[in-house]
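Each remark here refers to the structure printed beneath this line.
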Amino acid sequence: MRVLLLSLLGAAIVVPLGFRIFAALRETGSAALLRPADGQMVKTSMGTLHVLEMGPTDGPPLLLLHGTAAWSGLWRPVLEALAQEGYRAVGMDMPPFGFSDRDPEGDYSRQRQAARVIALADALHIKPVLIAHSFGAGAGVEATMIAPERFAGLVVVDGAIGIAKPTEGDGTKAMPLPLRVRPLRELAVALTATNPLMTRRLLASLLYVKDAATDEVVRVLQRPMRIAGSTRAFADWLPSLLVPPAGARSTDPANYRDFCLPTGIIWGSEDSITPVQQGERLTGLIAGSSLTLIPETGHIPQIESPAAFIASLRETLQALRSQHGC
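Laid out in structure tokens, this is it:
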């Protein structure tokens, strides 16, 4: 029995270490060589950020923010559709994801991400409508609360904002003890987020329409994970996923009372990650906002029900034009 226990313990140590070593061997690429040919690197006051931009430069500007472990490439079909309708559609890579420069201090807090969003809008000289999905909605709402004058409107798509309930205070909680140690966070990331064997499974866990986890979508998600240092960078980001953002304006329901940007909210009716009740609550907090539900759709409507999503987004953007902002 003792030999068996020691063998199991050894395997429990060796297997994760093996995945971490494989991650280091796999992550040898350069962002400059891996990024798409039509991508652009934009210098901002918050570092150099990668964007995909489509449509006429004089069209109404839109800035699209992705969710966890995604990047602007996941928005490509939506960017193309918006460009065809005359919008200047810009997809931003929020570090450490995609091809934007990673933060040398490993700061991926919500406030820092919001500052990057504002800095990109400034660098591009645009006053965009923000279209923010999942964890990107946290940064998007934060940015619009910090500098509402820099944006023309907001569209939240299945937002993971983490607005505190009245009984929760500020929602602050400590990082799980094992993950306070960076090497252990790297092991956890190497086993999951940057493990190519897990990409499809993790993606499917977010979806109601499981068939949307196609080979092409998996390839898109994996492409920037080959950049050197991806596992380390993701490990730096992990606390921002697991711990509610302390001091963020967007988590305090009181800050929504005077929120004055034209706002539309789009949600998958079968979202099990951020259930539709969260969208309903957000709609109740933001005066004048409207909620559009996409039926038979989960957390990522732009890939699960692309035609319905683009139609809903089109209608939402048109409705925002008639609203008066700040």
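Residue numbers (the UniProt record's numbering): 1 to 326. Ideal Cβ placement from N, Cα and C applies to all residues, glycine included.
Mapping the DSSP letters down to three states, classify residue i as helix, strand or coil.
| i | result |
| --- | --- |
| residue 197 | coil |
| residue 301 | helix |
| residue 240 | helix |
| residue 183 | helix |
| residue 317 | helix |
| residue 276 | helix |
| residue 34 | helix |
Considering residue i, what are the terminal residues of the alpha helix (DSSP H) in which it resides?
| i | result |
| --- | --- |
| residue 119 | 110-124 |
| residue 142 | 135-146 |
| residue 291 | That residue, residue 291, is in no alpha helix (DSSP H); its beta strand (DSSP E) goes 290-294. |
| residue 83 | 76-84 |
What is the residue span of the beta strand (DSSP E) that residue i lies within?
| i | result |
| --- | --- |
| residue 44 | 39-44 |
| residue 257 | Premise fails: residue 257 is in no beta strand (DSSP E) and is neither H nor E. |
| residue 263 | 263-268 |
Taking the straight line between their C-alpha atoms, what separation do you get for residue i and residue j?
| i | j | result |
| --- | --- | --- |
| residue 192 | residue 248 | 28 Å |
| residue 321 | residue 190 | 45 Å |
| residue 324 | residue 230 | 42 Å |
| residue 46 | residue 59 | 25 Å |
| residue 48 | residue 117 | 12 Å |
| residue 66 | residue 183 | 27 Å |
| residue 327 | residue 103 | With the chain represented from 1 up to 326, any question about residue 327 goes unanswered, as that position is not in the structure. |
| residue 286 | residue 149 | 17 Å |
| residue 234 | residue 64 | 21 Å |
| residue 52 | residue 76 | 8 Å |
| residue 257 | residue 213 | 38 Å |
| residue 130 | residue 239 | 25 Å |
| residue 41 | residue 91 | 12 Å |
| residue 152 | residue 314 | 16 Å |
| residue 263 | residue 21 | 45 Å |
| residue 282 | residue 196 | 35 Å |
| residue 254 | residue 106 | 30 Å |
| residue 218 | residue 79 | 19 Å |
| residue 36 | residue 279 | 33 Å |
Would you please state the rounded distance, in angstroms, between the beta carbons of residue i and residue j? I believe it to be under 8 Å.
| i | j | result |
| --- | --- | --- |
| residue 161 | residue 141 | 6 Å |
| residue 408 | residue 68 | Here the chain covers residues 1 to 326 and nothing more, so residue 408 does not appear. |
| residue 139 | residue 159 | That belief does not hold up - the Cβ atoms of residue 139 and residue 159 are roughly 10 Å apart, past 8 Å. |
| residue 97 | residue 70 | 6 Å |
| residue 121 | residue 43 | Contact flag wrong, Cβ pair sits at about 14 Å. |
| residue 226 | residue 26 | 7 Å |
| residue 177 | residue 185 | In fact, because the Cβ distance is near 12 Å, the residues do not count as touching under 8 Å. |
Let me see if you follow: with CB-CB separation under 8 Å, is residue i close to chain D or not?
| i | result |
| --- | --- |
| residue 217 | The structure shown contains no chain D; it is built from a single protein chain. |
**Asked** So, do the stretch 295-306 and the stretch 233-246 have three or more beta carbon pairs nearer to each other than 8 Å?
**Response** no
#### Entry: Sufficient close CB pairs (3 or more, under 8 Å) joining the stretch 259-269 to the stretch 281-300
yes
TODO: Report yes or no: do three or more beta-carbon pairs, one from the stretch 51-58 and one from the stretch 77-86, lie closer than 8 Å?
DONE: yes
Okay, do the stretch 27-40 and the stretch 92-107 touch, 3+ Cβ pairs below 8 Å being the bar? yes
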